[in-house]
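Residue numbers (our numbering): 35 to 312. For every residue, glycine included, the Cβ atom is placed at its ideal position computed from N, Cα and C. First up is the structure itself, then whatever we jot down about it.
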DNA sequence: ACGAGCGCCTGTCGGC
DNA sequence: TGCCGACAGGCGCTCG
């Protein structure tokens, strides 16, 4: 579940805790101490070595929870613990005595009988424990909601690239946080073809694209993200899709069947009428 | 500088 | 039923 709105949803849950359904209730992380760590799949930990990780993280406490692009950042007493969920990662706060679900890859034992678990079916997710988060997030492009990212700035960013819009928007060093779903949805809202060359987009359409990116991400966050397949956390943005996974279905705007093509090895969905080429 | 291909993993689904 | 390929919300690495 790992695009910006899903990571934001998970970060909010860890930051604020949850009291609602009793079986999912858990405390907020900030303030809680980490007693010990256990790695169940070694490659989940990008850095440091497991031995150093265990000794360094024990005794630290969570201070704050943040997000940068698709990275979730947990600021600890001394270091920053960073997660990237990739395709199937998830973070859960559970009772220590609860049975261990399949696919748990990293477990932090917390004070008060709780544990933070990183669950990741496909094992693509990664964790880092670093003193400076820039070591991990340093190459990311701007945050989509950054006030510094004005329409003229975004237009200039597009002008500097001749790449196709779809792969460019997926490039995290260009803009941080978009993935396959929200890119397709944003391009549809902006009426832009995914193969369109970035430097061919005029200023007014660049502004519309930035607005579409922000509105689709905002809608995703308001719906607590999208829940697809086996990964379900209560989000329901999947019911709001206009193009993603709607191949052959009528466009909600004009009725034309939605097309699916492969661009940069990623399934890409668009309306050939609302998003004309050139 | 860029795109294509592949590796990393597990699971589901549709077709035969 | 069983097998097999395609596909999946990501990204880093090669190689042209």
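Check                                                                                                                                                                         : Outcome
Relative to the C-alpha of residue 36, which candidate in 212, 273 and 253 has its C-alpha closest?                                                                           : 212
According to DSSP, is residue 232 helix, strand or coil?                                                                                                                      : helix
Evaluate residue 302 with the Cβ neighbour count: other Cβ atoms within 10 Å of its Cβ, from every protein chain shown; 16 or more gives buried, anything less gives exposed. : buried
Can you look up residue 77 in the DSSP assignment and give me helix, strand or coil?                                                                                          : helix
Can you tell which of 175, 167, 172 and 122 has the C-alpha that lies nearest to the C-alpha of residue 152?                                                                  : 122
According to DSSP, simplified to helix, strand and coil, what is residue 198?                                                                                                 : strand
Residue 127 to residue 278, Cα distance in whole Å?                                                                                                                           : 31 Å
In the DSSP output, which residue or residues are listed as bridge partners for residue 255?                                                                                  : Beta-bridge pairing links residue 255 to no other residue.
When DSSP builds the beta bridges, which residues end up paired with residue 49?                                                                                              : The partner list for residue 49 (beta bridge, DSSP) is empty, contrary to what the question assumes.
Do residue 268 and residue 260 count as a contact pair if the criterion is CB distance below 8 Å?                                                                             : no
Within the region 88 to 117, note down every full beta strand (DSSP E) run reaching 3 residues or more, in order along the chain.                                             : 96 to 102 and 105 to 110
Rounding to the nearest angstrom, what Cα-Cα distance links residue 280 and residue 80 in this structure?                                                                     : 36 Å
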